[in-house]
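Student:
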Amino acid sequence: MTPDSRPALPRFVKLRFDRARDTWLLLAPERILIPDEIAVEVLKLCDGEATLAAIAATLAARYDAPEPEILSDITDMLADLEAKGFLRDREAA
Amino acid sequence: MTELSARLRPDPARSHGIPIAVLAEITHRCPLQCPYCSNPVELERASAELSTEEWLRVLGEIADLGVLQLHFSGGEPLARRDLETLVARAAALDLYTNLITSAVTLTEARLDALAQAGLDHVQISVQSVEDALATRIGGLRGALERKRAAAAWVRARDLPLTLNAVMHRQNLHELPEMIEMALDLGAARLEVANVQYYGWALRNRAALMPTPDQIDTASKVVDAARARLHGRLVIDYVEPDYYAARPKPCMGGWGRQVFNISPSGKVLPCHAAESIAGLRFDSVRDHPLAWIWDHSEAMNRYRGTAWMPEPCRSCAHKHDDWGGCRCQASALLSDAGATDPACAFSPRHAEVFEAALAFSEGSDRYTYRDFSGGTPEPGG
Chain A
0 MTPDSRPALP RFVKLRFDRA RDTWLLLAPE RILIPDEIAV EVLKLCDGEA
50 TLAAIAATLA ARYDAPEPEI LSDITDMLAD LEAKGFLRDR EAA
Chain B
0 MTELSARLRP DPARSHGIPI AVLAEITHRC PLQCPYCSNP VELERASAEL
50 STEEWLRVLG EIADLGVLQL HFSGGEPLAR RDLETLVARA AALDLYTNLI
100 TSAVTLTEAR LDALAQAGLD HVQISVQSVE DALATRIGGL RGALERKRAA
150 AAWVRARDLP LTLNAVMHRQ NLHELPEMIE MALDLGAARL EVANVQYYGW
200 ALRNRAALMP TPDQIDTASK VVDAARARLH GRLVIDYVEP DYYAARPKPC
250 MGGWGRQVFN ISPSGKVLPC HAAESIAGLR FDSVRDHPLA WIWDHSEAMN
300 RYRGTAWMPE PCRSCAHKHD DWGGCRCQAS ALLSDAGATD PACAFSPRHA
350 EVFEAALAFS EGSDRYTYRD FSGGTPEPGG
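Protein sequence lines, in the order shown, are assigned to chains A and B. Counting from 0, one number per residue, gives the positions in the first sequence under numbering that gives the first Met the number 0. Counting from 0, one number per residue, gives the positions in the second sequence under numbering that gives the first Met the number 0.
#1: Cβ closer than 8 angstroms: which chain B residues qualify as neighbours of A:Pro6?
#2: Under 8 angstroms, with one C-beta from each stretch per pair, do the region 26 to 45 of chain B and the region 69 to 89 of chain A reach the 3-pair mark?
#3: Taking only runs of the beta strand (DSSP E) that begin and end inside the region 17 to 48 of chain A, which ones reach a length of at least 3 residues, in chain order?
#4: Counting only C-beta atoms, is B:Thr1 closer than 8 angstroms to chain A at any point?
#5: Contact defined as beta carbons within less than 8 angstroms: I believe B:Asn391 pairs with B:Glu190. What is the distance between those atoms, to the nearest angstrom?
#6: What residue does the beta strand (DSSP E) around B:Gln122 start on, and which one ends it?
#7: Determine whether the beta carbon atoms of B:Ala271 and B:Leu278 lie at a separation below 8 angstroms.
#8: For a contact defined as C-beta to C-beta under 9 angstroms, what are the partners of B:Thr104 on chain A?
#9: So who's on the other strand from B:Leu22, going by DSSP bridges?
#10: Could you give the DSSP three-state label for B:Ser156: helix, strand or coil?
#11: Determine, using beta carbons only, whether B:Phe358 and B:Arg204 come nearer to each other than 8 angstroms.
#12: Based on the DSSP secondary-structure assignment, which residues constitute the bridge partners of A:Thr13?
#13: At the level of alpha carbons, what is the spacing between A:Val39 and A:Leu32?
#14: Can you list the alpha helix (DSSP H) stretches of 4 or more residues lying completely in the region 63 to 117 of chain B, in chain order?
#15: How big is the Cα-Cα spacing for B:Thr51 and A:Ala60?
#16: Count the other C-beta atoms from every protein chain shown that fall within 10 angstroms of the C-beta of B:Gly141, then say buried if there are 16 or more, exposed otherwise.
#17: Comparing C-alpha positions only, which one of B:Arg79, B:Asp93, B:Asp183 sits nearest to B:Val383?
#18: Please compile the residues from chain B whose C-beta is within a distance smaller than 9 angstroms of the C-beta of A:Lys13.
#19: If you draw a straight line from the alpha carbon of B:Glu173 to that of B:Val165, how long is it in whole angstroms?
#20: Can you find a CB in chain B that lies within less than 8 angstroms of the CB of A:Ile69?
#21: Quick check on the DSSP output: the alpha helix (DSSP H) that includes B:Val220 runs from which residue to which?
#22: Determine the DSSP secondary structure at B:Glu190, reduced to helix, strand or coil.
#23: Go through its chain and collect everything with a Cβ distance to B:Val66's Cβ below 6 angstroms, but skip five positions before and after it.
#24: For the alpha helix (DSSP H) that B:Val293 lies in, which residues bound it at each end?
#25: For B:Asp235, which residues of its own chain have a beta-carbon under 6 angstroms away from its beta-carbon, when the five flanking residues on both sides are left out?
#26: Do we get a CB-CB distance below 8 angstroms when we pair A:Leu51 with the residues of chain B?
#27: With three or more C-beta pairs closer than 8 angstroms as the rule, is the region 232 to 252 of chain B touching the region 338 to 352 of chain B?
#28: Any idea if B:Gln122 is buried or exposed, counting beta-carbon neighbours within 10 angstroms, 16 or more meaning buried?
#29: If the criterion is Cβ atoms closer than 8 angstroms, does the pair B:Ala149 and B:Leu105 meet it?
#30: With a threshold of 8 angstroms between beta-carbons, can A:Leu77 be considered close to chain B, or not?
#31: Among residues of its own chain, excluding the 5 on either side of B:Leu92, which ones have a beta-carbon nearer than 8 angstroms to its beta-carbon?
#32: Would you call B:Trp290 buried or exposed, if buried means 16 or more other Cβ atoms sit within 10 Å of its Cβ?
#33: In chain order, what residues of the same chain lie with their CB nearer than 6 angstroms to the CB of B:Arg156, ignoring the 5 residues before and after it?
#34: Check whether the Cβ atoms of B:Arg56 and B:Leu77 lie closer than 8 angstroms to each other.
#35: I'd like to know whether the C-beta of A:Leu58 is nearer than 8 angstroms to at least one C-beta of chain B.
#36: Can you give me, in chain order, the residues of the region 286 to 300 of chain B that have a beta carbon less than 8 angstroms from any beta carbon in chain A?
Next comes the structure, spelled out in structure tokens:
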């Protein structure tokens with residue numbers, strides 16, 4: 000993952016609000032993950048169009064937080080999901 | 000991010016919550032005859048199977064319960080011509096769908112239809128990396144070649160693939176090649192599943208039980224492969240119970256996260272639960288699923304921790320392993336309410352290890368799974 004990456008969830012990974020449990024879930028093959036509030040905001044912006052840099056800028060404006068720190072945080076988070084095969088970089092594909 | 004199953008902490012006021020996953024064994028028919036099949040020795044016939052209409056209703060009840068994942072299994076789920084219809088309904092209900100298949104009867108057209116219906120994930124079982132051994136274990140000539148072709152079709156459609164390698168004394172020497180095959184076939188995940196001794200496998204223990212040396216080697220092979228393949232292949236390793244020191248948290252606890260529906264609609268706490276004498280199971284033909292989940296006698300029998308004997312009752316691990324496996328306690332000790340003897344704290348633990356050693360020196364001859372109660376391998 001680099002600032003130019005365009006992260007997207009593959010078709011078989013689903014971000015979903017589960018009413019029965021009142022929480023957001025990330026459904027993947029044989030895995031169900033619970034993203035925290037920030038992760039949900041990040042994943043909603045991973046549409047395969049926006050670059051990582053643009054996503055960081057959006058979040059920095061929304062939360063009035065320093066952009067470089069946000070970029071660093073979300074890069075780590077998304078790289079971890081990418082290593083599990085739950086996220087793809089459209090730019091690299 | 001935490002796993003949902005890890006986040007579900009015990010609630011003292013309730014013995015169970017909302018189930019996460021359902022294993023739908025939609026048929027016991029299968030083109031293979033593997034001697035380690037987890038189905039009961041007494042298989043349910045096609046005439047007893049739930050109809051398409053019954054399954055469509057039950058899928059709605061499954062979704063209403065709050066279930067997230069639905070595993071279509073069997074037998075061979077492809078043996079049902081209405082599988083696409085069932086997958087489409089499950090997908091429309093927002094269930095995450097998984098097909099657990101031998102893949103030997105899969106065609107490209109069928110896979111297209113399943114993908115179109117919204118299938119999310121495919122798991123293909125493999126018997127061996129070598130054609131002759133695969134044929135001997137599954138009883139079907141050419142099975143391995145068909146599985147390889149099916150795996151390629153799955154990957155060509157960008158469906159995620161898990162390879163399920165069932166390992167035992169007669170194929171554990173292939174583990175390094177099995178890992179290579181998973182990579183070659185484009186699997187993202189490999190389950191190295193040592194045979195668990197229920198159903199047909201229990202009957203074939205003498206032909207399947209590995210030696211302690213084999214298990215030592217297998218653990219090392221898996222550890223090395225995990226380190227080498229991080230980010231490329233996830234390897235799940237299922238330890239063989241008879242050589243373990245800690246029991247597995249079977250099904251994440253009895254009647255707690257997962258349940259099973261048999262071909263005829265019986266709701267089971269696990270796929271082997273019918274092996275426990277004296278348990279009464281309810282059917283989706285007689286009761287709403289939500290009622291069965293909450294009130295069925297079988298579902299409640301070993302729920303939570305109140306049923307536990309010592310040493311489980313005062314054990315620090317009781318909320319981790321839930322006392323282990325009831326079917327194993329029943330099979331090995333004739334007491335489903337006993338501490339799983341796979342646990343080192345069980346007073347009967349040493350017997351299990353001794354039995355494993357004896358079985359590991361048994362005859363290699365299989366008894367094949369079939370509807371006539373089993374057929375011995377020719378020769379020997």
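Yeah, the Cβ is synthetic: ideal placement off N, Cα and C, and Gly gets one too. In this text the structure is predicted, and so the values were computed from the model without any measurement.
Tutor: A quick look at the data gives this:
#1: Neighbours of A:Pro6 on chain B: none; closest Cβ ~15 angstroms, over 8 angstroms.
#2: no
#3: 22 to 27, 30 to 33
#4: yes
#5: Nothing can be reported for residue 391 of chain B: it is not among the residues displayed for chain B, which extend from 0 to 379.
#6: 120 to 125
#7: no
#8: Chain A residues near B:Thr104: none, gap ~22 angstroms exceeds 9 angstroms.
#9: B:His70, B:Asn259
#10: The displayed chain sequence assigns Arg, not Ser, to residue 156 of chain B. Coil, per DSSP.
#11: yes
#12: Looking at the sequence provided, one finds Lys at residue 13 of chain A rather than Thr. Partner(s): A:Leu26.
#13: 11 angstroms
#14: 82 to 91, 107 to 116
#15: 52 angstroms
#16: exposed
#17: Residue 383 of chain B falls outside the range modelled here, since chain B spans only 0 to 379, and no answer is possible.
#18: Asp93, Tyr95, Asp119
#19: 11 angstroms
#20: no
#21: 211 to 227
#22: strand
#23: Pro18, Val21
#24: One detail in the question is off: residue 293 of chain B reads as Asp in this sequence, not Val. Start and end: 288 to 294.
#25: Glu190
#26: no
#27: yes
#28: buried
#29: yes
#30: no
#31: Leu58, Gly59, Ile61, Ala62
#32: exposed
#33: Ala114
#34: no
#35: no
#36: none
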